[in-house]
Amino acid sequence: DGGITQSPKYLFRKEGQNVTLSCEQNLNHDAMYWYRQDPGQGLRLIYYSQIVNDFQKGDIAEGYSVSREKKESFPLTVTSAQKNPTAFYLCASSISPRSNQPQHFGDGTRLSIL
Amino acid sequence: AQKVTQAQTEISVVEKEDVTLDCVYETRDTTYYLFWYKQPPSGELVFLIRRNSFDEQNEISGRYSWNFQKSTSSFNFTITASQVVDSAVYFCALSGTTSGTYKYIFGTGTRLKVLA
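Chains as they are written, first to last, in my numbering: chain A, 147 to 260; chain E, 18 to 133.
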């Protein structure tokens, strides 16, 4: 079945450690997105990519990095510079980056600090 | 600035009751799109509906219906005869053509609990 796969489902980070969250889609979508969800705050955009080898900062990009070397993959690295990384991270994709397209979401990764 | 307000943080209803989830938005765009998503306990957001700013017709899909009123900048969602499986967090989202074409503005969500 087509969809978005995020892994791992749960992730623990030690102080000073970088961790990478995986996001893979087989929907042949051009655009991909990373969101952070905190309780009571809805979804906030971290980074997005409209096309391979291109990505843009969202509203809360500090402390995060991404790459888009392949159309189907958009990994997110949470760096040690992100001082409050504990959150639920959602990856999404859409057919194109046009604003009228619905987004399709993965199951999310829950990141916690050890 | 664009904004989406879901004032209801949490709603509890008894099964078979009707429930309406409110969504109020702000935008200066003349062309924009509104969305509703459902987030069940499993975590992924599921797309429910999209509405563009030029189409104010109400829509019904089974037990779900949506009321879009530009005059009050609202896009409310009603579930008729609610069921336990409707328990989830529901998000309203807005996307405009001049706001930064490639992102949505999400509301903070409304948690719906349907009790058996």
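Note that the Cβ used here is the ideal one computed from N, Cα and C, for glycine as well.
| query | result |
| --- | --- |
| Under the three-state DSSP convention, the category E:Asp-103 falls into | helix |
| Rounded straight-line distance, which links the Cα of E:Thr-37 to that of A:Val-165 | 40 Å |
| For E:Phe-94 and E:Trp-53, believed in contact at Cβ under 8 Å, the rounded distance | 5 Å |
| 8 Å contact criterion, which A:Asp-176 and A:Ile-197 should meet: CB distance rounded | 6 Å |
| Interface partners of A:Pro-248 on chain E, CB under 7 Å | Phe-52, Phe-64, Arg-67 |
| For A:Asp-253 and E:Ser-88, believed in contact at Cβ under 8 Å, the rounded distance | Not quite, the Cβ-Cβ distance comes to about 38 Å (not below 8 Å), so this is no contact. |
| Residue-chain proximity (A:Leu-236, chain E), Cβ-Cβ < 8 Å | yes |
| A:Gln-152 versus A:Cys-237 - alpha carbon distance | 7 Å |
| Proximal chain A residues relative to E:Thr-125, where beta-carbon distance stays under 8 Å | Gly-186, Gln-187, Gly-188 |
| Beta carbon of E:Ser-112 nearer than 8 Å to that of E:Tyr-42 | no |
| Contact with chain E by A:Gly-148, beta-carbon distance below 8 Å | no |
| Own chain residues within Cβ distance below 6 Å of E:Leu-62, not counting five before or after | Tyr-54, Gln-56 |
| Within-8 Å CB hit, A:Gly-209 to chain E | no |
| 3-residue-minimum beta strand (DSSP E) runs that sit fully inside the stretch 43-130 of chain E, ordered along the chain | 49-56, 63-69, 76-78, 81-86, 91-96, 105-113 |
| Where A:Phe-220 falls: helix, strand or coil (DSSP) | coil |
| Selected residue, minimal CA-CA separation from E:Val-101, among E:Val-131, E:Lys-20, E:Thr-48 | E:Val-131 |
| N- and C-terminal bounds of the beta strand (DSSP E) containing A:Thr-151 | 150-153 |
| Runs of beta strand (DSSP E) wholly within the stretch 192-248 of chain A (minimum 3 residues, chain order) | 200-203, 210-212, 222-224, 233-240 |
| Proximal chain A residues relative to E:Ser-59, where beta-carbon distance stays under 9 Å | Asp-253, Gly-254 |
| Beta-carbon proximity of A:Val-212 to A:Arg-159, cut-off 8 Å | no |
| Meets three-Cβ-pair contact criterion under 8 Å: the stretch 220-234 of chain A and the stretch 194-210 of chain A | yes |
| E:Asn-75 to E:Ile-66 span [Cα, whole Å] | 11 Å |
| is_contact[A:Cys-239, chain E] using C-beta, thresh 8 Å | Before going on, a small fix: residue 239 of chain A reads as Ser here, not Cys. No, A:Ser-239 does not count as interfacial toward chain E. |
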